[in-house]
Amino acid sequence: MISVNLLPPEYRKLEATPLARFIAIVVGAILVASELGVYAYVHYSELRSIREVRGATDAEYQNKKAQGDASLALQKEILAYEARRTAIQQVASRRILWSRKLDEFLDIIHNKGDRHEYFVWLEKLQVSPPRERGRRKRGPTSGGTFQFQGFSGTTEFSKVTNLRNAVRKDTFFRDFQRISPPAFEAVIYDDGKVPAEAGKFGFTLDLKPLGWERMPPPAKKPAKKKRRKR
Amino acid sequence: MSRLSEKQLLILTVGIAVLIGGGLGFMIFQDLQAIQEEEQAIQDLKGKIASAQKEIDQIPAREYRAIANREISDQEVAFLPEETEIENFWEILERFAEDSGVKISKITPNQRRRGGRQKSKSAISSVDQVIRLRGTIDEFLSFINRIENHERIINVSEFSISKGERGADNLTRHDLKLALRTFTYSKRIANTIVAIPHYEKKKDHVEVKRWHRRIKIEQKESYTLRTLMGRRDPFVDVRRYPLKTGVGPGNEEARARQDAQVQHLVDQVRILQDGLDIEDTLYERGDLSRLARMQKKNREVFNALFDQMRRVQRDQVFTFRPITERFTQEVVGPFKELQKRIGLNESRRPPVSLTQAQQYHQRMSDAFDEQDWKRLRNEFRQWNELSRDGTHIVEEAKLLSAEMAKMNRQARVIQEFETRQLRISAIIFSPTGSIAVVNGKQLIEGDSLDPDGLVIVMEIGENYVIFETQGVEIKRVQGQQPKRRRP
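Going down the list, the protein sequences come from chains A and B. Residues in the first sequence are numbered consecutively from 1, following my numbering. Residues in the second sequence are numbered consecutively from 1001, following my numbering.
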């Protein structure tokens, strides 16, 4: 059925908002209003307050950091002193007084003028430092070498061994770990001087590692347990 | 425009509500994210604060330890030269060479191969030198002993001695090679040195003292050479021609001469024995001034006797067996005993007094004013003998001793300079730049006299030229005797 409203518009009955739309508007308004409220709380209260806390914590951290850096600088300075101290100890400990060694050695050779035990004169003397080991190798095993060659006033080999024994027993030898067996060769002269024969010899002494007096003694290996045979 | 239908309006309404709600929801979500990030940042900062606080808690202990290290730093590095002082190293070597008698022929840096690839990261660095020199065994031993006893540490790392040659003075000199190493440190221990508040007060804290007790300060070892007593040079071939028995024509004159020589030595030994007996008496009486004079005299007799004995043994003067035996029994044997006595007496000698030091200083100053360099150096040699190279003196005399050493050095430099025999033949003086003709060579201020650069022209005046060599300024007046400047 077709209905026509003949009343002029000002006299017509106003139509109410449809219910669905009304509910939608109300719900929408409530939702938006709630969200606005939540947003305002979160943004202007929570976020602001947490940022203030962060600012204060940051300021505290900067202050602590400055003091902490000063403490670390002190520690660094202490470590630098200790590194230098260690280096100085190494320098001082790894030192041989060669004037003392040479003085002692010359006394051994001279042997207070005695010629019976042995009587020698030298041709060459050389002191060499230890060879540098590679990066992967462990510490030095020798402090260098002390080599000397010379002549004995007789071709008796026993005189050379006497010299060797005298070197080993003297305080001169305390910084050495081994002395080589003597190389020996008889030499004959025809210049009219005495003795007309001499024994040419040579020795090599290996020094203990420099600073050996301050090194800890090597740890003893535990004894191996023997198994009983049944 | 057609009106929207109800459905469309509904959809529109819902859509707008969803859009606005969604937008707000997204903003809320973002703010929540920001809050979470801020909370995380706060947690991180708290962690860092805790770490910093741990370091801060250690400040008191570290301050005491740093103070302890700073206070003993100078003592620890006492025997190391600073980087700026290394320039004195060569001057020191030159002085030791002169004092011991060796002659340095070459100094080169030591190019040592390293087995490892790592560079040294030590807090101190080393300076290596190889020196070639020439001298007797005794001179060489004295040289390396001076080096090793020097207040700054210098290590002898290697050396070699080969057979030598006898010179015109009958002394055998050897070619010697020596490798030395000294060490330097930088006074700047760290990039940042923290200022410690109330430093002076904290220095006396018990914790600082405790650290001082724990830290061991290295001492440099030194060695005093044994007094050489007829010890032969082991590098000299000791084979000799057979000894004569004293029988036969032509031997009487030689024997008589050698008899007289050995008798003279025996008499010297007796004189020395008597002198030491007098020393003992003076010591018992407490007459220290006469004791010092007697010790000096006995020392001179001892040195002269020692030189004579060494010459006899080196030159094999005695060729008759009975004379050789008498020499061994009546000279060498007693001499060893006398040497021990002298050593004992030396140890009880009082240090040289300020008055004695002043006397030597005055005599050296007078010699300097009179330009008598030989006398000045002689006085200094005597001073060194008396004071054991300036070590056995009272504290108040140390400054004078240092001045005397300086005067001696300047005298030596001036003596060397005078051997050049410079002659200033002409001076063209001008305020803008003068020219001097020295030994036929035209020189201006700043020029070096020789290619070696040892002597520099410092100043040219109207009738004089001032030269500078090895830190000493020497004035030469044209046509007159040379004048020197006092220290």
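Glycine included, each C-beta is placed from N, C-alpha and C at the ideal position.
Candidates the options, of which the one nearest residue i by Cα
i	options	result
Glu1055 (chain B)	A:Arg84, A:Leu47, A:Gln177, A:Lys64	A:Lys64
Val32 (chain A)	B:Ser1401, B:Thr1469, B:Thr1013	B:Thr1013
Lys1177 (chain B)	B:His1392, B:Arg1476, B:Arg1188, B:Leu1133	B:Leu1133
Phe176 (chain A)	A:Gly68, A:Pro209, A:Lys159	A:Pro209
Pro1109 (chain B)	B:Val1102, B:Lys1103, B:Ser1126	B:Ser1126
Tyr118 (chain A)	B:Thr1419, B:Ile1154, B:Ile1072, B:Pro1234	B:Pro1234
Val1018 (chain B)	A:Arg131, A:Phe173, A:Glu52, A:Val26	A:Val26
Ile1035 (chain B)	A:Val53, A:Ser99, A:Arg12, A:Ile179	A:Val53
Leu36 (chain A)	B:Ile1028, B:Glu1038, B:Leu1032	B:Ile1028
Leu1265 (chain B)	B:Ala1041, B:Gly1023, B:Arg1311, B:Leu1225	B:Arg1311
Met1407 (chain B)	B:Met1364, B:Gln1358, B:Ser1448	B:Met1364
Gly1471 (chain B)	B:Gln1308, B:Ser1222, B:Val1413, B:Thr1419	B:Val1413
Lys1007 (chain B)	A:Ala20, A:Pro130, A:His43, A:Ala80	A:Ala20
Lys1220 (chain B)	B:Gln1075, B:Trp1373, B:Leu1443, B:Ser1186	B:Gln1075
Leu205 (chain A)	A:Phe173, A:Asp114, A:Ala198, A:Trp212	A:Phe173
Cβ of residue i within 8 Å of any chain B Cβ
i	result
Pro195 (chain A)	yes
Tyr118 (chain A)	no
Asn5 (chain A)	no
Pro129 (chain A)	yes
Ile50 (chain A)	yes
Asp190 (chain A)	no
Gln75 (chain A)	yes
Leu125 (chain A)	yes
Lys65 (chain A)	yes
Lys31 (chain A)	Note that residue 31 (chain A) corresponds to Leu in the displayed sequence, not to Lys. Taking Cβ atoms only, chain B reaches closer than 8 Å to Leu31 (chain A), which makes this a yes.
Gln89 (chain A)	yes
Asp206 (chain A)	no
Glu185 (chain A)	no
Arg21 (chain A)	yes
Whether residue i touches residue j by CB criterion (8 Å)
i	j	result
Arg1232 (chain B)	His110 (chain A)	yes
Lys124 (chain A)	Lys1106 (chain B)	no
Ile1131 (chain B)	Leu1180 (chain B)	yes
Ile108 (chain A)	Ala166 (chain A)	yes
Ile1435 (chain B)	Arg84 (chain A)	no
Glu77 (chain A)	Ile1196 (chain B)	no
Leu1478 (chain B)	Ile1424 (chain B)	According to the sequence as given, residue 1478 (chain B) is Gln; it is not Leu. A contact, by the Cβ cut-off of 8 Å.
Glu1279 (chain B)	Asn1303 (chain B)	no
Asp103 (chain A)	Leu1141 (chain B)	yes
Leu1080 (chain B)	Thr1184 (chain B)	yes
Those residues which DSSP pairs with residue i across a bridge
i	result
Gln150 (chain A)	Reading off the sequence shown, one finds Gly at residue 150 (chain A), where the question assumed Gln. Paired residue(s): A:Leu122, A:Phe201.
Arg1420 (chain B)	According to DSSP, Arg1420 (chain B) bridges with nothing at all.
Ala186 (chain A)	A:Gly199
Val127 (chain A)	A:Phe146, B:Phe1159
Arg1240 (chain B)	A:Val194
Glu1165 (chain B)	B:Arg1173
Asp1274 (chain B)	Paired residue(s): none; Asp1274 (chain B) is not in a bridge.
First and last residue of the uninterrupted alpha helix (DSSP H) at residue i
i	result
Phe1140 (chain B)	1137-1149
Pro1334 (chain B)	1333-1347
Phe1368 (chain B)	1354-1369
Arg48 (chain A)	48-93
Asn165 (chain A)	157-169
Val1472 (chain B)	Element bounds for Val1472 (chain B): not the alpha helix (DSSP H) but the beta strand (DSSP E), 1472-1477.
Ser99 (chain A)	98-110
Beta carbon proximity, residue i to chain C, threshold 8 Å
i	result
Leu163 (chain A)	This model lacks chain C altogether; the protein chains it does include are A and B.
Contact with chain A by residue i, beta-carbon distance below 8 Å
i	result
Tyr1283 (chain B)	no
Ile1086 (chain B)	no
Gln1075 (chain B)	no
Asn1155 (chain B)	yes
Leu1422 (chain B)	no
Arg1226 (chain B)	yes
Ala1292 (chain B)	no
Gly1115 (chain B)	Residue placement at Gly1115 (chain B) is poorly supported in this model, since its pLDDT is 36, which falls under 50; the coordinates still yield a value, given next. Yes, Gly1115 (chain B) counts as interfacial toward chain A.
Ile1124 (chain B)	yes
Leu1319 (chain B)	Reading off the sequence, residue 1319 (chain B) comes out as Thr, not Leu. Not one chain A Cβ lies under 8 Å of Thr1319 (chain B).
Lys1119 (chain B)	Here Lys1119 (chain B) scores only 39 on pLDDT, less than 50, and its place in the model should not be relied on; the value that follows carries that caveat. Not an interface residue.
Ala1078 (chain B)	no
Met1309 (chain B)	no
Tyr1223 (chain B)	yes
Opening and closing residue of the beta strand (DSSP E) in which residue i lies
i	result
Gln1442 (chain B)	1441-1443
Asn1069 (chain B)	Element bounds for Asn1069 (chain B): not the beta strand (DSSP E) but the alpha helix (DSSP H), 1059-1076.
Gln177 (chain A)	176-179
Met1458 (chain B)	1455-1460
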